[in-house]
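One structure is given below, encoded as structure tokens.
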Amino acid sequence: MKKIIIRLFMLGALAALLPAGAAAQQSDARQRTTETIVADGLAQLPAADAKVFNQVMGELAATGSKGVEMIAAMLVPADKGKNATFEYALNGVVAYVTDPAHEALRDDVRKGLLAAIDRCGDDANRAFLFSQLQFCSTASDAAAMARYLDDPYLADYALRALVSTPGTEALLLAEAGKDDLTAARKQALAYAFAEKRLAAAEPFLLTWLEGADAQTAEQIYNALAACGSQASLKPLAAAAAKTGYAWDDAGAADAYLRLLARLAAAGDARAVKAAKGLLKCDLQYIRGGALAILADALGVQKAMPYVLKALEEGPAEYRFAALQSLGKGDDKLFAQVAAGMPRYDAAAQAAVIGWLGECGAMSQADVITAAVASPDGCVAEAAIAASGRIGGEKALRALAGALEGPHAGAAMKALLAFNGQINPEVERLLAKDDAAALVPALKLAAARRMSAAADRVFALLGSSDAEVRAAAYGALPFVAQPQHMDRLSALLDASDEAHTAAIQSALIRTSGQLPADRRYGAVAGYMKASETPARYYPVLAQSGTQEAVASLLDGFRSGNRDAAFAALLTVENPAMTDILYGIAAENPMLTDRALMRYADLASQAAVTPIRRYQLYRQALALRPSAAVQAKLLGYLSGVYALPALMLAAEYLDDAQTAAPAAAAVKTIVAKCNPMPGGEAVRKALERAHEVYKELAKSDADAGYAVDEITGLLGKIPADGFAVLPADGLAGWTAVAVNPAEAKTLPARQVAKLRKAAGEAVAANWGAADGLLEFAGKAPATIGTEKEYENFELWIEWRSEGEAGMAVRSMPLIRLGGAAGTGLVDGKAARTVADNAPGTWNTLYVKVVDDRITLVENGVKVAENAVMTNLCAPGEPVYAQGRIELAGQGALVAFRNLWINELPSTPLFSLPADEAAAGYEVLFDGRSLHKWTGNTTNYVPLDGTIDVTATYGGSGNLYTVGEYGDFILRFEFRFITEGVNNGIGIRTPMGVDAAFHGMEIQILDHDAPIYKDISDYQQHGSVYGVIAADRVKFGELGEWNTEEIRAVGDRITVTVNGRVILDGNIREACQGHNVSGDGSKVNPYTVDHRNHPGLFNKSGHIGLLGHGAGIQFRNLRVLDLGAGRK
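Numbering-wise, the sequence shown is residues -22 to -1, 1 to 1103 according to mature numbering (1 follows the signal peptide of the UniProt record, and there is no 0).
This is the structure:
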């Protein structure tokens, strides 16, 4: 026990020696200080999604008043910087703690806001803080907020906060009792009293009313309406009367009515008497308001005399107000109001009937239905509409009778929306022989889908009355059911042309109600038994099944060709694009009709835009009419890709297609992202410009297109896509050996191989009509004479088997075959993207630095994948090389090869002195082959390593090799403010290098979010161990140089030529990189945490990303091992 006490005493003494506040330094479960939590949280804003938002706000809220004050302290005047991130954070924290689930955190946040308001020196920022405080303040904050009521800028914000805070009434009344209040203060307090309904404020308000200006009077009137008593009636009545009860800016009349309503509802007799007096006002809205007050205060029955008088006397506005004052009413009220119908004029009768209908007054069905026959059209139509609303047998019969009268349209509309079942009445009407009743009844039966009326409808198909017969056929599709299909089939077999479509429609609807697996069989059975099977084609088509399509195709080939084709045009089935294309290709007389439908189906197909382009292209190749071409080009304009643009350009010189082609070119260029450039694109746009200029001579709207294209011509990049030759083999050469073989094989052997390759190419490769074709007799590869570095390429190919393609002279791409198009090395997951063997595919290839992207037919096959040098395994990929097309054992054709050369990557080479010293280049600007780990979020970009890792990291990037003593030199720049990164040294992979190795901090510590970080977190520090001197960075985007020298325990960091850290890690922690007692608190390190890997002898160098927005370049290292110190 004695030893334990002594040990505890020693630990306490050590804690006392720590810097002030360090022993009790606030930290979270991840041992982060408040400063770090705030900085980490702000770096993630705005949040990527709701989950991140809630996590960040929860962490920030948990820092309490200290964290809130810290964020608030980062707010700057508007002319000194931007506050969006900090305002976003504070707003989010307040929203988070006002959620009942997090209410425990609310008190500390509230205190932090109050303290921040006191400390803040900028009015606009203090106003913002007040706007947040009002959501979480309590009565205990009232005095603190009241201090700002005399502040000219903040008074209104403070007052609003006081209003929204419960329990501040006494303070507001005390403010009202002060002398010499300004008009603005009186207005503000009056607003507060109104919001709080504070009756005790009435004496102040009445006193202030004398001599008040219009703005002040407006606020006082509003407050008196909300909290006044009888004492306020006289002054408000006088103010309203002075304006003649008209609406004015001060709103006296409105305030008077609201006060009357409130007092009368509470039983105040004077208010009721005053409201009665207003019934004599000449202004109808005042009379209506007064009547509503009486109805509410006295009850509807006691107010009824006034209501009935209003209905009799009018005018319309007052009458409407009277009816509205009755609310939804009850049967007694309905009877009282309806009893006066004989005394009302027509307008009043229509209004009353309309109100009865809205109230669903079934008890007044006699009154309402009797009015259906009114000679006054307005009354009759009001009664018809009301009958539909109340429903019931009487109303239904009245409406049925009206179907045969002058208001048949209104009656039909009411019946279609009838409140209840109308079928019995419709059936009664259908039993008549009167055409005037039968025709509307049949329409109702159809509209209400009355299957019970089916037998009668079938019977009326034979009516001698043409109008009834037509109505019956019109109703047939809507009343027939699957059990009627036999009757429908018999009708169809015997029908004349005039009624065939209606019967087919009925069969389509009834068969559609069958289970999906029975539809085809049912229709096929009728068709087989019919002498006119073609009549069933439209029915068969609507099933849309594969069997139905096959049956229709049989009919097209050997039956009623025209009927089958017409039915095929209506089928909704993805397979129809291929079928219609086949029909169009094989039947020139049907090409246009087939392709018109084909175009619509292709535009709706659930395929990629590039696949749609292919569908449009193959249809255009059939050379349909100009109308069909125009339609296809119109749809093509929705594919924003270079192949679609170049295809549209082919139709600019045909007068019949120039206009839609020009529209497509304009639209595609405008909407492509990024915008394509180059001479071919410019020429297409210029030709489209000429087309529109000619059109503008007769079409003013074309002038807008001329202006749009003029703008586009000024924007398109000068450099862009150019065509690779395909009309001949000029520009292509036989490929015999790869670069590695060319270096290692004897010259005579290389020459022999080249001769054999040339002979194979001559025997297998040819070019004609824009195609490069491989005959498939023996393997042979052709390559461009020119070598390419970075580029993007569009290429179309087709083959029954497999072919290959090389970039930078490396055979990396497989085309087709059993495995499908993809990377030969198999690193990318296999994605099936090829079209059917023998059909054209469209491949997009992008090669930049050591990365490759493949998109086959619009499907990503490989995205930014790291290339492998298959010619020289283990070596970096070649800097440049040929594009090669490899024919293997199957026929292959290529066309439309468009290449865009991208900027060359700036390469880093060692200065002479560093080369002589033995430095090793870790990154040359292009290749990461000396690195491992997260090569997805650390990518070569324009000669840099660009970090795109999301906050929190997606894994780090490490050197393949390990280093003990070394000098690391590199350059870095911040692209985004507040970026946090780090250089891990002597670290294992996959651990937190700051603790299991060393982390040299990389931090944009000038960003406001890092205002309160500890010095050991500054840029260049050995994180948590030795603090670096603070360095001032330039503007975002400026490059900085850095050198890290690690020799034994001494670490030296130099930034932009200045040594900012030169210290001994062992001395810094007095040899205690971990706590002696095994606890998590280490009193010897400046961050008081254990650093078990601090004394590692060697390890990897790592880039430790905590967020996107930083770039590195020119990384090189000098290994000081093996005696080279």
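Glycine residues also receive a C-beta, built at the ideal position from the N, C-alpha and C atoms.
Are residue 63 and residue 23 close, meaning C-beta to C-beta below 8 Å?
yes
Where does the unbroken alpha helix (DSSP H) through residue 900 begin, and where does it stop?
Neither: residue 900 is in no alpha helix (DSSP H) and is coded neither H nor E.
Residues in its own chain within less than 7 Å of residue 466 by CB, not counting five upstream and five downstream?
458, 481, 484, 485, 488
Which parts of the segment 1041 to 1094 are runs of the beta strand (DSSP E), unbroken and 3 residues or longer, counting only runs that do not cross its ends?
1077 to 1081
Taking the runs of the alpha helix (DSSP H) that are 4 residues or longer, which of them lie wholly in the segment 104 to 158?
120 to 124, 133 to 142, 147 to 154
Are the CB atoms of residue 800 and residue 808 within a distance shorter than 8 Å?
yes
Got a sec? Which residues, its chain only, sit under 7 Å from residue 504 by beta carbon, not counting five neighbours each side?
467, 514
Whole beta strand (DSSP E) elements within the segment 520 to 559, 3-residue minimum
none
Is it buried or exposed, residue 682, if we count other Cβ atoms within 10 angstroms and call 16 or more buried?
exposed
With H, G and I counted as helix, E and B as strand and the rest as coil, what does DSSP make of residue 167?
helix
DSSP beta-bridge partners for residue 869?
Bridge partners of residue 869: none, in fact.
So, under 8 Å CB-CB, residue 643 and residue 699 are touching, yes? Tell me the CB distance rounded to an integer number of Å.
Not a contact, Cβ separation roughly 14 Å.
Own chain residues within Cβ distance below 7 Å of residue 340, not counting five before or after:
368, 370
Starting from residue 418, trace the beta strand (DSSP E) in both directions and tell me its first and last residue.
It is not in any beta strand (DSSP E) - residue 418 instead sits in the alpha helix (DSSP H) that spans 413 to 425.
Are the beta-carbon atoms of residue 324 and residue 304 separated by less than 8 Å?
no
Beta-carbon spacing of residue 1099, residue 943 below 8 Å:
yes
Buried or exposed for residue 144, please, with buried defined as at least 16 other CB atoms from any protein chain shown within 10 angstroms of its CB.
exposed
Would residue 789 and residue 864 be called neighbours here (beta carbons separated by less than 8 Å)?
yes
Which residues in the same chain as residue 971 place their Cβ atom closer than 6 Å to its Cβ, once the five residues preceding and following it in sequence are excluded?
962, 965, 977, 1080, 1082
Which of the three DSSP states, helix, strand or coil, is assigned to residue 788?
strand
Using the three-state DSSP reduction, which class does residue 794 fall into: helix, strand or coil?
strand
Spatial neighbours of residue 882 within its chain, please: CB distance less than 7 Å, with the 5 preceding and 5 following residues excluded, ordered by chain position.
767, 768
With 16 as the cutoff for other CB atoms within 10 Å, does residue 74 come out buried or exposed?
buried
Buried or exposed by the 16-neighbour rule on C-beta atoms within 10 Å, applied to residue 902
buried
By Cβ distance, which residues of its chain are closer than 8 Å to residue 1068, with the 5 residues on each side in sequence left out?
973, 1051, 1052, 1053, 1058, 1060
Going by DSSP, what residues sit across from residue 918 in a beta bridge?
923
Quick one, are the C-beta atoms of residue 1104 and residue 735 less than 8 Å apart?
Nothing can be reported for residue 1104, as the shown portion of the chain is limited to -22 through 1103.
Short Cβ contact (8 Å threshold) for residue 118 with residue 139:
no
Cut-off 8 Å between Cβ atoms - residues of its own chain near residue 591, not counting five sequence neighbours on either side:
614, 617, 619, 621, 622, 625, 820
In whole angstroms, what separates the C-alpha of residue 280 from that of residue 301?
15 Å
For residue 83 and residue 77, I'd like the C-alpha separation in whole angstroms.
10 Å
Do you know whose CA, among 314, 904, 327, lies nearest residue 294's CA?
327
Cβ atoms of residue 1031 and residue 1022: under 8 Å apart, would you say?
yes
Quick check on the DSSP output: what are the complete beta strand (DSSP E) runs of length 3 or more inside the segment 981 to 1032, in order along the chain?
1018 to 1025
Look up residue 3 in the DSSP assignment and say whether it is helix, strand or coil.
With a pLDDT of 46 at residue 3, under the threshold of 50, the modelled position of that residue is not reliable, and no figure is offered here.
6 Å CB neighbourhood of residue 100 in its chain, flanking five on each side removed:
55
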